[in-house]
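First the structure, in the form of structure tokens, and then the observations on it.
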Amino acid sequence: MMDMAGLSNANAAWKRTPTTPAGPAPAVAAADAETAMFQAAQGDGSKAAFEAYLMAYPEGRFAELAAAEVAALAAGAGQDPQAGAVSPPAAAEDAPAAVALAETGPITYASPLDTDAAAISGLTLAEAVTRSPSFPPVEGLPESYWKDQSCSSCHQWTRERLCTQGNTYLSLNMQRSLGKQHPFGGALKQALKSWAAGGCQ
């Protein structure tokens, strides 16, 4: 875990002006520095790390993602390692849902979902992503921005994109995302993960 002094020192190191002549290399180095800082923030996973990235690159390529992480961590939807707290309860509650989904057999794109989430139970993956979410994308977001809006209001889901999203949930780095409530209390994310594990059939 990186502390604030480490982030400040790393940030200062990334901002140093190279001593080589001006040309395309500094632009590439700046882009690489931004990517490196964002990846360091992702690896650290703390609110402070993402805030440090946003302070250094307020209009950066990853600013929207970093801002979303800060909002999620501030709302308690994520885990801020610096706080020293244990995993959020929502993540523990999602574990039985994953078992229940796995026991129903392989999930396919056209098979009805068997889940406790009434909003999507019995729907196919293609149908589920046309529904209105049960939970906001960011805690505290006014209902007028998300309530009664279909998922397609913000996402352009296709079968291929859903498969890509499902595969991200197979990654260890994305396991904490399964505990976030948006859109259907974690049930859709668990279904996408199971579908991806089966090869997105």
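The numbering used here runs 26 ahead of the 1-based position in the sequence shown. Even glycine gets a Cβ: it sits at the ideal position worked out from N, Cα and C. No experiment lies behind these values; they were computed from the predicted model shown.
Cα-Cα separation between residue i and residue j, rounded to whole angstroms
i       : j       : result
Thr-150 : Cys-177 : 14 Å
Ile-133 : Cys-226 : 8 Å
Ala-222 : Asn-193 : 5 Å
Gly-224 : Gly-205 : 21 Å
Leu-198 : Gly-69  : 11 Å
Glu-165 : His-208 : 9 Å
Gln-65  : Phe-76  : 10 Å
Leu-80  : Cys-189 : 30 Å
Ala-67  : Glu-95  : 10 Å
Ser-137 : His-181 : 22 Å
Asp-142 : Ser-220 : 16 Å
Ala-89  : Met-63  : 12 Å
Gln-216 : Ala-101 : 22 Å
Arg-87  : Ala-93  : 12 Å
Ser-203 : Glu-85  : 24 Å
Thr-61  : Ala-78  : 13 Å
Asp-174 : Pro-168 : 12 Å
Gly-148 : Ser-179 : 22 Å
Beta carbon of residue i nearer than 7 Å to that of residue j
i       : j       : result
Gln-191 : Leu-218 : yes
Ala-145 : Arg-157 : yes
Val-155 : Trp-183 : yes
Leu-91  : Lys-73  : no
Closest by C-alpha distance to residue i, when choosing among the options
i       : options                           : result
Gly-212 : Leu-99, Ala-152, Ser-160          : Ser-160
Phe-210 : Thr-61, Ala-97, Pro-163, Pro-138  : Pro-163
Glu-186 : Ser-203, Cys-180, Tyr-79, Tyr-135 : Tyr-135
Ala-59  : Glu-77, Tyr-83, Gly-71, Pro-138   : Tyr-83
Leu-214 : Leu-196, Asp-174, Leu-139         : Leu-139
Gly-71  : Glu-85, Ala-97, Gly-86            : Ala-97
Cutoff 7 Å: residue i Cβ touching any chain C Cβ
i       : result
Ser-158 : Looking for chain C here will not work: only one protein chain is present.
Could you tell me which uninterrupted alpha helix (DSSP H) segments, each at least 4 residues in length, are contained entirely in the region 61 to 110, listed from first to last along the chain?
For the region 61 to 110, the full-length alpha helix (DSSP H) segments reaching 4 residues or more read 73 to 82, 89 to 101 along the chain.
Just to confirm the assignment: which complete alpha helix (DSSP H) runs, minimum length 4, are found wholly within the region 127 to 165?
You should have 151 to 154.
I'd like the ranges of any alpha helix (DSSP H) spanning at least 4 consecutive residues and lying wholly in the region 185 to 222.
185 to 196
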